[in-house]
Amino acid sequence: MAAIATRSERERVSYYILHNLSSSDILFPERKRKKRCRGKNLGTYEAERLIANREDSEGKKFLVKWKGYSTFENTWEPEENLSPLLLRNFDSPRPEGDIVQSCIDRMRFALLEALKHKGPEQKVSLEFRHDVFKYLFCGKGRTAAEKNWTLLEETDFNKCKLPINWSCIFDSHGDGIMVRFPVKVRKYLTLSPKSYEKVGDKIVEMPRAYIEKLSIKFVKVPSSCN
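UniProt numbering puts the first residue of the sequence shown at 1, with every later residue one more than the last.
This is the structure we're talking about:
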């Protein structure tokens with residue numbers, strides 16, 4: 001049975017508290033740990049997953065999605081303070097089936113919409129969880145000449161379990177347009193727009209959310225199902 005909790009029964013923690021936790025408060029050695037801030041026990045909280053990693057002057061860090069909290073409250077945490085389980089799941093993710101299917105459907109819809117646009121060269125960008133991308137495409141494709149882009153053949157999409165002609169649009173006469181493979185793909189993070197609020201007598205920047213995105217470039221060509 002899955003563990004559940006009533007949200008109204010647990011105290012919400014502000015972005016300020018999450019962002020300023022000391023290294024001793026971060027999920028080590030298990031996914032759950034009681035966090036303390038300014039001498040107060042804030043209760044037990046759980047990390048849902050690691051979204052991305054980066055290197056800065058302090059070393060390697062991971063972007064943590066806290067279970068039950070807004071994406072605006074995600075924080076970057078150092079590698080040494082994260083549990084082995086979280087790190088293993090980041091390297092070899094196994095996202096839930098409904099999450100995987102939702103991402104696949106979103107990608108398919110975006111490509112079909114782009115097929116209706118004018119011009120042969122198309123580019124789409126959509127929200128797409130990066131753990132799902134790694135689960136579906138890790139070890140597939142080849143490096144494109146364009147930096148940070150990967151070339152994927154149609155067979156690289158096999159794990160998506162898409163129907164035949166999933167990348168085509170046909171009219172009632174059997175004539176249509178299709179995606180020409182390989183396609184170029186790139187996953188990246190983008191930030192939500194800046195916004196400010198008044199705190200006391202100061203205007204301060206509000207927390208911004210990191211959004212997981214996927215871009216796909218392709219060329220469309222005539223096709224027929226006859």
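C-beta atoms are modelled at their ideal positions from N, C-alpha and C, and glycine is treated no differently.
Given the structure is predicted, the values throughout are model-derived calculations rather than measurements.
By the three-class DSSP mapping on this structure, what secondary structure does residue i have?
| i | result |
| --- | --- |
| GLY59 | strand |
| ASP201 | coil |
| TYR69 | coil |
| VAL185 | strand |
| GLU48 | strand |
| ILE26 | Confidence at ILE26 is low in this model, with a pLDDT of 40, below 50, so its placement is unreliable and the value that follows should be read with caution. Looking at ILE26 - three-state DSSP - the assignment turns out to be coil, as it is neither helix nor strand. |
| LEU152 | strand |
| CYS160 | helix |
| ASN81 | helix |
| residue 227 | Residue 227 lies beyond the range of the chain shown here (1 to 226); nothing can be said about it. |
| ARG94 | coil |
| LYS220 | strand |
By Cβ distance, which residues of its chain are closer than 6 Å to residue i, with the 5 residues on each side in sequence left out?
| i | result |
| --- | --- |
| ARG142 | LEU151 |
| LYS140 | ASP156 |
| LYS67 | GLU46 and GLU48 |
| ASP175 | SER224 |
| MET206 | SER195 and GLU197 |
Near residue i, which residues of its chain fall below 8 Å by C-beta distance, leaving aside the five closest residues on each side in sequence?
| i | result |
| --- | --- |
| LYS213 | SER125, LEU126, GLU127, PHE128, LYS187, TYR188, LEU189 and THR190 |
| LEU162 | ILE104 and ARG108 |
| VAL100 | VAL132, TYR135 and LEU136 |
| ASN148 | ARG186 and TYR188 |
| ARG180 | PHE218, VAL219, LYS220 and VAL221 |
| GLU153 | GLY141, PHE181 and PRO182 |
| THR71 | LYS65, ALA209, TYR210 and ILE211 |
For residue i, I'd like the list of residues in its chain whose CB is within less than 7 Å of its CB, leaving aside the five on either flank, ordered along the chain.
| i | result |
| --- | --- |
| GLU121 | VAL219 |
| ASP131 | ARG49, PRO93 and PRO95 |
| LEU112 | ILE169 |
| PRO222 | ILE177 |
Based on the DSSP secondary-structure assignment, which residues constitute the bridge partners of residue i?
| i | result |
| --- | --- |
| SER125 | SER215 |
| TYR196 | GLU205 |
| ASN53 | PHE62 |
| GLY176 | PHE170 and SER223 |
Could you spell out where the alpha helix (DSSP H) holding residue i opens and where it closes?
| i | result |
| --- | --- |
| CYS103 | 97-115 |
| PRO84 | 84-91 |
| LYS134 | 130-137 |
Taking residue i as part of the beta strand (DSSP E), name the residues at either end of that continuous run.
| i | result |
| --- | --- |
| residue 233 | It is not possible to answer for residue 233, since the shown part of the chain is limited to 1 through 226. |
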